[in-house]
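Peer 1: Each residue of the sequence shown is one higher than the one before, counting from 0 in numbering that gives the first Met the number 0.
The C-beta atom is built at its ideal place from N, Cα and C for all residues, glycine as well.
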Amino acid sequence: MRTLIKHVLAATEPKEIVGIKGWVRTRRDSKGFSFLEVNDGSCLANLQVVVDAGTPGAEQLPHFTTGASAAIEGKLVASPAPGQKWELHATKIELIGTADAAYPLQKKGHTQEFLRTIAHLRPRSNLFGAVFRVRSRLAFAVHEFFQERDFVYVHTPIITASDCEGAGEMFRVTTLKGSIDDKPAADFFGKPAYLTVSGQLEGETFACALSNIYTFGPTFRAEDSNTARHAAEFWMIEPEMAFCDLQGDMDLGEEFIKAMARYALEHCSEDLNLFAKFVDKGLHERLKFVVERPFVRVPYADAVDVLKKCGKDFAFPVDYGLNLQSEHERFLTEEHFKSPVTVFNYPREIKPFYMRLNSDTKTVTAMDVLVPGIGEVIGGAQREERLDQLLENMKFHKLKPEDYWWYIDLRRYGTVPHAGFGLGFERLLMFLTGVSNIRDVIPFARTPGNAEF
Ligand code: 4AD
Ligand code: MG
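1) Enumerate, from N- to C-terminal direction, the unbroken beta strand (DSSP E) stretches of 3 or more residues contained entirely within the region 171 to 199.
2) For V340, which residues from the same chain have a beta carbon less than 7 Å from its beta carbon, with the 5 sequence-adjacent residues on both sides left out?
3) Please classify Q324: does DSSP put it in a helix, a strand, or coil?
4) Using the rule of at least 16 other Cβ atoms within 10 Å of the residue's Cβ for burial, across every protein chain shown, is I437 buried or exposed?
5) By Cβ distance, which residues of its chain are closer than 8 Å to S161, with the 5 residues on each side in sequence left out?
6) Run the CB neighbour count on Q381, radius 10 Å, all protein chains shown included, and call it buried at 16 or more, exposed below.
7) When the Cα of M366 is compared with those of I179, A450, L75, G247, which residue comes out closest?
8) Terminal residues of the continuous beta strand (DSSP E) containing G21?
9) Less than 8 Å between the CB atoms is what I'm expecting for T195 and T218, so what's the real figure, rounded?
10) Quick one, are the C-beta atoms of G128 and L251 less than 8 Å apart?
11) Would you kindly check if the distance between the Cβ of I92 and the Cβ of I19 is under 8 Å?
12) DSSP beta-bridge partners for V297?
13) Check whether the region 173 to 192 touches the region 232 to 242, counting contact only when three or more Cβ pairs, one atom from each stretch, lie closer than 8 Å.
14) What is the chain-ordered set of residues for which the beta carbon lies under 7 Å from any non-hydrogen atom of the ligand MG?
15) Within 7 Å: the Cβ of G423 and any heavy atom of the ligand 4AD?
16) Which word fits A450, buried or exposed, when buried means at least 16 other C-beta atoms lie within 10 angstroms of its C-beta?
17) Can you tell me whether M429 is buried or exposed, with buried defined as 16 or more other CB within 10 angstroms of its CB?
18) Alpha carbons only, please: which of F150, N211, R24, E384 is nearest the one belonging to K107?
19) I need the straight-line Cα distance from N45 to T364, nearest angstrom please.
20) Run the CB neighbour count on N322, radius 10 Å, all protein chains shown included, and call it buried at 16 or more, exposed below.
21) What does DSSP give as the partner residues of K91 in its beta bridges?
22) On the CB-based measure, 16 or more other CB atoms within 10 Å of its CB, does K397 come out buried or exposed?
23) With DSSP run on the structure shown, which of helix, strand or coil describes T432?
24) What's the C-alpha gap between E112 and R220?
25) In this structure, does DSSP put T332 in helix, strand or coil?
26) For E375, which three-state DSSP category applies?
27) Using only alpha-carbon positions, find the residue among Y353, S325, R347, G372 that is nearest to T360.
28) Within the continuous beta strand (DSSP E) that includes N211, where are the two ends?
29) Whose C-alpha, out of D318, A314, D51, is nearest the C-alpha of D301?
30) Have a look at G374, S338, L356, V289 and flag the residue whose alpha-carbon is nearest the alpha-carbon of Q324.
31) Do G379 and G419 have their C-beta atoms closer together than 8 Å?
32) Between G419 and the ligand HEM, is the CB less than 7 Å from at least one heavy atom?
33) Quick one: what does DSSP say F34 is sitting in, helix, strand or coil?
34) Kindly indicate which three-state DSSP category R1 falls into: helix, strand or coil?
35) CA-CA distance, K14 and T2?
36) Could you give the C-beta distance for C207 and H417, rounded to a whole number, given that I count them as a contact under 8 Å?
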C-alpha cells in the first residue's frame, strides 16, 4: 500500500509499516547504511529514508541515483536530524526506473531559463513542483469562490467566428489547403473561424438567462509580444452578472482577488514559504496587504493626470486618449498608490464596442485592476445594454451588425444592465507566487516561436 509523502510527514505517531513511491533526490552512503531523500511531488518536503546494507533490495543501492524511481517500505520513526520530524527506516527497497548521469536535474540551483528548456522535467524541481501545486489549489479556489456565490459554470466554445476584443489578434482555425482566404465558404465551418480570445460574448448570453455565470478555460491571443506577462495560450476566468453595473463589477473583482490571496495564504503555506525564500522576499507582506486594505479606485482621466505630473521619464508617451502601457500601470500601483488600483471610465476610442457609453458620451464603463509586480490582471466593463447605443457603438468601431446578430438579440429580448470581467489566471498566479515570468506559471508555455513539448 502506498502512502503519499505529504501524509507520511503529517503523521502524529510512529508507524510499524509505511509504503512510499517516488523519485530519489539524493543518496548519501555511510559505513553500513545509506540515506535517501525521496520526493513524490505531493509536497515540497522530501522524506529521508535510512537503508541498512542488509535490507532486501539494498544490493541495488548503487542504482538509486538522482532521478531514479523507487518503491520503499519501512518503519516510520522520529528523526534525530534537525528540521524533520520523521524518517523511514527501510525494510525493503525496490528500484523501479533508473536515471543515468545524463539526468539534467542532478544539482540544485538551476536557473528558471534553463529549466524552461526542460519543461518536461521541471515539475520535479522544488520551485516548479510548488508552482504547479499552487496552480491546482487556486483553480479549485476559483470554482469554490463562484459556486459559493451561486454563479453557474459555463463552458464557452474554444472555436469561434467572432473577435470579441476587436483587436484582430486571433489564430485561424481551418482545414483548407493553400490560400485560405480565397474561398472561406468552402472551409470546415463555412466561414472563417478562430481560436477564442475571450468567452465573454457567449458568456453574456448565459448571464442573460441564468443571472450569474462564470467561465474558466483556455484563451488564445496571437499578439506578437514577447513579454514576461503575455502568452499565446492562457487561461481566463470570466464572470458575468445580469442586473449589475460597473460598481458591482469593481466590487466583485476586488473581492475575488482578495479571496484568492487569502486562500493561498491559508492553504499553500509550505509552497509560499519557498517562494518567499527564493523568488520574492516580500511575498507574505504583499498578500496580507492586499487582503486587508481596500483597493484604490481612480478614473482614467485622473490616472493620466498623475502620470503626466509625476515627473518620471517613461519610454511610452502619456496622454489622455492613449492606452496605459505596462510601465504606466506599474508606476500607478507600485510607486504612486502603493496598492492595487482599479482604473475606470476609459475613453471609448481605446476600448471594445461592447462597453457601455457613459453620459459624457466620451468614456465607457471599463475597468482594469492593476496590481504590483504585474500591472493589469483584470479587464472588465459594464456592457452596453441599450439596443440603439450598441448599434451606434458598432458603427463607431466599424463592425458589421450582421456578424453579431445573436449578441444584438440579447438587447431586443428582455435586455438588462449587466457587467463582467476577465482575469488572466497566469497573471493571478504570478501575483500570488512572486514568480515573475508567465512562462513559469503555466505547464507548457506557448509564446511566439515556441511550441515545444
Ligand atoms: O483585458 P482583456 O483583453 O479583456 C477581455 O478579454 C474581456 N473580454 C474580458 C471580459 O470582460 N469578460 O483580457 C482580460 C485579462 C487581462 O486583464 C489579463 O489578465 C489576461 O486576460 N490576458 C492575458 N494573460 C496572458 N497572456 C495574454 N496574452 C493575455 N491577454 C490578456
Ligand atoms: Mg485589457
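Peer 2: The relevant details are as follows:
1) 192 to 194
2) F294, V295, V297, L331, T332, L369
3) Three-state result, Q324: coil.
4) buried
5) Excluding residues within five positions, the ones whose Cβ falls inside 8 Å are L200, D402, Y403, Y406.
6) buried
7) G247
8) 14 to 29
9) 6 Å
10) no
11) no
12) V342
13) Flag = no, the region 173 to 192 and the region 232 to 242 do not touch.
14) That query returns the following residues: D367, E375, G378.
15) Checking every heavy atom of the ligand 4AD against the Cβ of G423, one is found closer than 7 Å.
16) exposed
17) buried
18) R24
19) 51 Å
20) exposed
21) E72
22) exposed
23) helix
24) 23 Å
25) helix
26) strand
27) R347
28) 211 to 219
29) D318
30) G374
31) yes
32) Ligands displayed in this structure: the ligand 4AD and the ligand MG; the ligand HEM is not among them.
33) strand
34) Looking at R1 - three-state DSSP - the assignment turns out to be coil, as it is neither helix nor strand.
35) 12 Å
36) 7 Å
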